[in-house]
Amino acid sequence: MFQNGVLSGAPFICSYVASVLFCYIADKLVTKNIMSLTNVRKLFTALAQVVPGILVFLIPYLGCNYIVILVIWFIAVTMITAAYAGAMANVVDIAPNFAGPVLAFAQTIHMTASFLSPLAAGYLTSSGHNLSSWRNVFNVSAAVAISTYVVYQIWGTSEIQPWNIVQPDSSVGEEELMLQKSPDTKVIPKKGKDNELTT
Numbered sequence: 001m002f003q004n005g006v007l008s009g010a011p012f013i014c015s016y017v018a019s020v021l022f023c024y025i026a027d028k029l030v031t032k033n034i035m036s037l038t039n040v041r042k043l044f045t046a047l048a049q050v051v052p053g054i055l056v057f058l059i060p061y062l063g064c065n066y067i068v069i070l071v072i073w074f075i076a077v078t079m080i081t082a083a084y085a086g087a088m089a090n091v092v093d094i095a096p097n098f099a100g101p102v103l104a105f106a107q108t109i110h111m112t113a114s115f116l117s118p119l120a121a122g123y124l125t126s127s128g129h130n131l132s133s134w135r136n137v138f139n140v141s142a143a144v145a146i147s148t149y150v151v152y153q154i155w156g157t158s159e160i161q162p163w164n165i166v167q168p169d170s171s172v173g174e175e176e177l178m179l180q181k182s183p184d185t186k187v188i189p190k191k192g193k194d195n196e197l198t199t
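In UniProt numbering, the protein residues as written are 1 to 199.
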């Protein structure tokens, strides 16, 4: 059980370190003008989705070589954290004024995989828990990871979107302007009880 706990937790410890490293490298690429912000986001999204997708695709073809499988799985889980410097950070780029709602909406879609993936895996392995059935599970996972990156590669951007710009309330400005221009509106100072000026 101890060995199982170490093997389960170690990738996530490395993921924490890797996420900090990925974000640091991404920041340097942008601040030193080595790459544009959009290209940096797409690069790290590719590292987070394409690389793990390929590795996951390879796992069912490695047979029972569990050491190699664990190493590949370890690398795949670690590489996923590159998304923190990629698509996940892209939310702040395109809509800084609405980053919270946009991220919440994106995470809602993202977290649907938490309950859809077990259902899909159960359906794909309904004929039996054999290597062929699990190969289909890993192939579908790889296809989803890579295909969603292709969509991001084509339409992804770091430019601030027009709907992010908050328009001022013009009605308040017009009322204030009318009060200022009205000739009948006068402010007459008067002395109060304590000889203080009041309006």
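For glycine and all other residues, C-beta sits at the position ideal for the given N, C-alpha and C.
Three-state secondary structure (DSSP) of residue i
i    : result
V166 : coil
V6   : helix
C23  : helix
N130 : coil
M79  : helix
T125 : coil
I13  : helix
L62  : coil
N33  : coil
T157 : coil
F138 : helix
Span of the alpha helix (DSSP H) around residue i
i    : result
Q161 : Run containing Q161: none; DSSP gives neither H nor E here.
M88  : 87–94
P101 : 99–111
L47  : 37–58
Residues of its chain near residue i, where Cβ-Cβ distance is below 8 Å and the 5 sequence neighbours each way are ignored
i           : result
N164        : I94, A95, P96, N97, F98
T78         : P11, C14, S15, A18
residue 258 : Residue 258 cannot be examined here, being either before or after the span of the chain that is shown, 1 to 199.
P162        : none
A76         : V51, P52, L55, V56
V68         : L62
Close-in-space but distant-in-sequence residues of the same chain around residue i (CB under 6 Å, 5 per side omitted)
i    : result
H110 : none
N136 : L124
V91  : A99, V102, L103
Neighbourhood of residue i by C-beta, 7 Å cutoff - its chain only, sequence neighbours within 5 removed
i    : result
G53  : A142, A145, I146
W134 : P60, T125
I72  : L55, L58, I59
Y84  : S19, F22, C23
F105 : none
Q3   : none
Beta-carbon gap between residue i and residue j smaller than 9 Å
i    : j    : result
A46  : A89  : no
V140 : A120 : yes
V20  : G86  : no
T148 : Q49  : yes
E159 : T38  : yes
L70  : L131 : no
Proximity test, residue i beta-carbon vs the ligand COA heavy atom, cut-off 8 Å
i   : result
D27 : Among the components of this structure there are no ligands whatsoever, and the ligand COA is therefore not found.
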